[in-house]
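The structure appears right after this line, and notes come after that.
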Amino acid sequence: MTMMSDPKRWTALKTEFLQDCAVFTVSRTASLSPRTGIQHIFYRIDSTDWVNIVPVTDRGEVVMVRQYRHGLGEITLEIPGGMVDPGESPQAAAIRELLEETGYRAREVKSIGAVSPNPALFGNRVH
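Just so we're aligned: 286 in my numbering is position 122 of the sequence shown, and the numbers increase by one with no gaps anywhere.
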């Protein structure tokens, strides 16, 4: 596999706040490409981190939830999860979301890390 070596940071020239949408904010940034020197416009959505939980029962079954999702306009089958509240740790959020969405109480929580779900557009992480 061929990879670019040492990508360079872009220079942000101007950032403009566009909209506060309660659970996220939208901004627009004019940035200068370090490779070409050309200015480009980028949009960014900032929101709190969130958690996903893969709850396994004593019988080895994975607990899932069915819920309507406005983004898709459909009922989905998914693992429990939700937003990390201000001042809350991802572990505490996982325990809270599991209880809220399923009624199950976690005896043990193991973190497998965090990822940036869509770093081209979003500035948050999922734990």
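Glycine is no exception: its CB is placed at the ideal position from the N, C-alpha and C atoms.
- Per DSSP, the beta bridge partners of Val190 are Gln183, Ile209.
- In this chain, the beta strand (DSSP E) harbouring Glu238 covers 238–242.
- Taking all protein chains in view, the Cβ of Val187 is surrounded by fewer than 16 other Cβ atoms within 10 Å, so the residue is classified as exposed.
- In this chain, Arg230 is not harboured by any alpha helix (DSSP H); it is covered by the beta strand (DSSP E) spanning 229–233.
- Ala256 is positioned such that its CB atom lies no closer than 9 angstroms to that of Gly246.
- The criterion of a C-beta distance shorter than 9 angstroms is satisfied by Val190 and Leu182.
- Nearest neighbour of Ile276 by Cα position, chosen from Ile217, Val229, Tyr232, turns out to be Ile217.
- The distance from the Cβ of Arg233 to that of Leu241 is about 11 angstroms, inconsistent with a contact at the 8 angstroms cut-off.
- Here the alpha carbons of Gly224 and Lys172 stand approximately 46 angstroms from one another.
- Counting the other Cβ atoms within 10 Å of the Cβ of Ile259 gives 16 or more, which makes it buried.
- With respect to the 9 angstroms criterion, Pro244 and Glu265 are classified as neighbours on the basis of their beta carbons.
- Shown here, Ala256 sits in a helix according to DSSP, grouped into three states.
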